[in-house]
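Engineer: In the numbering used here, the protein residues as written are 1 to 243.
Input: one structure, supplied below.
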């Protein structure tokens, strides 16, 4: 979300959980749409910097019919997603992940743009590029393989589901490492180095060791109590002249 979208150019907002670079004094709040339960407690924030928790709007309950049929089947599935901006490295990861999921005897739900589909749907695999309710789809998954960005990391943990990050950018790496530090995942895999063996081993561990799901659910409980959207509005309203 951009500050100018709020009509307040002087208020900064961020999803990355790290302080702004040094230089220049601020007299307005800097808000981080991230969970305190996931953010690094060692990072020192100023009095004007606030980690509010996620700014989540309610999602519709209904799923598209094909998705509804897929998640209703009483067989485990893994969600694989690598965002909207998929280069060759990300497409390789998606193909590799789909193969590993199938080899482990699970179904695979791949979320990716329609023009970048590199894995075709079959009895075990569904590729989806249409609208969806992320939280409902993720909540039913055995695991989520994703790039580790702020939004997906928060959604996966909030759903109480294990995640396996294969980060593509520096901000992705920050959240992937945080998930590893709080023992929500077994490893952070590098996109150019990940192999069928390393991915299969990590995935098998995450879906069979219930301690990862248990820790994710504990943090999800804390996240639910943060009320990030309400906290953000409380800070922003005085600058809008709204009481």
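Even glycine gets a Cβ: it sits at the ideal position worked out from N, Cα and C.
It should be emphasised that the depicted structure is a prediction, and the values quoted were computed from it without experimental measurement.
Taking the alpha-carbon of residue 224 as reference, which of 56, 61 and 42 has the nearest alpha-carbon?
Structural biologist: Your numbering for residue 224 matches position 224 in the chain shown. Among 56, 61 and 42, the Cα nearest to that of residue 224 is on 56.
Engineer: Return the chain-ordered list of same chain residues with a C-beta closer than 6 Å to the C-beta of residue 126, the five sequence neighbours on each side being excluded.
Structural biologist: As a position in the chain shown, residue 126 is number 126, starting the count at 1. Same-chain partners within the cutoff: 70 and 109.
Engineer: Could you check where the alpha helix (DSSP H) with residue 106 kicks off and where it finishes?
Structural biologist: Working through the chain shown from its first residue, we reach residue 106 at position 106. Taken as a continuous stretch (DSSP letters only), residue 106 belongs to no alpha helix (DSSP H), as it is neither H nor E.
Engineer: My output table needs one value for residue 164: the three-state DSSP class, helix, strand or coil.
Structural biologist: As a working note, residue 164 is residue 164 in the chain shown. Correct three-state label for residue 164: strand.
Engineer: Within 10 Å of its beta-carbon, does residue 29 have 16 or more other beta-carbons around it, so buried, or fewer, so exposed?
Structural biologist: For the purposes of this step, residue 29 is taken as residue 29 along the chain shown, with counting starting at 1. Looking at its Cβ environment, which holds 16 or more other Cβ atoms inside 10 Å, residue 29 is buried.
Engineer: Can you give me the C-alpha to C-alpha distance between residue 107 and residue 46, rounded to a whole angstrom?
Structural biologist: By one-based count along the chain shown, residue 107 stands at place 107. By one-based count along the chain shown, residue 46 stands at place 46. If you take the alpha carbons of residue 107 and residue 46, they lie about 46 Å apart.
Engineer: Is residue 163 a contact residue of the ligand ZN, with contact defined as CB to any heavy atom under 7 Å?
Structural biologist: Absence of the ligand ZN is noted for the structure shown, with no ligands found whatsoever.
Engineer: Who are the near neighbours of residue 180 in its chain, counting only those whose CB is closer than 6 Å to its CB and skipping five residues on each side?
Structural biologist: Indexing the chain shown from 1 puts residue 180 at position 180. Here the set comprises 188.
Engineer: In three-state terms, what does DSSP make of residue 138?
Structural biologist: For the purposes of this step, residue 138 is taken as residue 138 along the chain shown, with counting starting at 1. Looking at residue 138 - three-state DSSP - the assignment turns out to be helix.
Engineer: Would you kindly check if the distance between the Cβ of residue 167 and the Cβ of residue 212 is under 8 Å?
Structural biologist: By one-based count along the chain shown, residue 212 stands at place 212. By one-based count along the chain shown, residue 167 stands at place 167. Cβ atoms of residue 212 and residue 167: not closer than 8 Å.
Engineer: Give the single residue among 90, 195 and 136 whose Cα lies nearest to the Cα of residue 148.
Structural biologist: Start at 1 with the first residue of the chain shown, and residue 148 comes out as number 148. Among 90, 195 and 136, the Cα nearest to that of residue 148 is on 90.
Engineer: With a CB to CB cut of under 8 Å and the five nearest residues on each side skipped, what residues in its chain are close to residue 102?
Structural biologist: If you number the chain shown from 1, residue 102 lands on position 102. Excluding positions up to five away in sequence, the list reads 108, 124 and 125.
Engineer: Taking only runs that begin and end inside the segment 67–91, name each unbroken alpha helix (DSSP H) of 4 or more residues, in chain order.
Structural biologist: Listed in chain order, nothing qualifies, since the segment 67–91 has no complete alpha helix (DSSP H) run of 4 or more residues.
Engineer: Can residue 238 and residue 93 be called in contact, C-beta distance under 8 Å?
Structural biologist: On the chain shown, position 238 is the one that residue 238 refers to. On the chain shown, position 93 is the one that residue 93 refers to. No, these two residues do not count as a Cβ contact at 8 Å.
Engineer: Quick one: what's residue 126 bridged to in DSSP?
Structural biologist: What you label residue 126 is simply residue 126 of the chain shown in a count that begins at 1. BP columns for residue 126 point to 109.
Engineer: Compare the beta carbon distance of residue 199 and residue 48 with 8 Å and say whether it is the shorter of the two.
Structural biologist: In the chain shown, the residue the question calls residue 199 occupies position 199. In the chain shown, the residue the question calls residue 48 occupies position 48. No, Cβ-Cβ distance for residue 199 and residue 48 is not below 8 Å.
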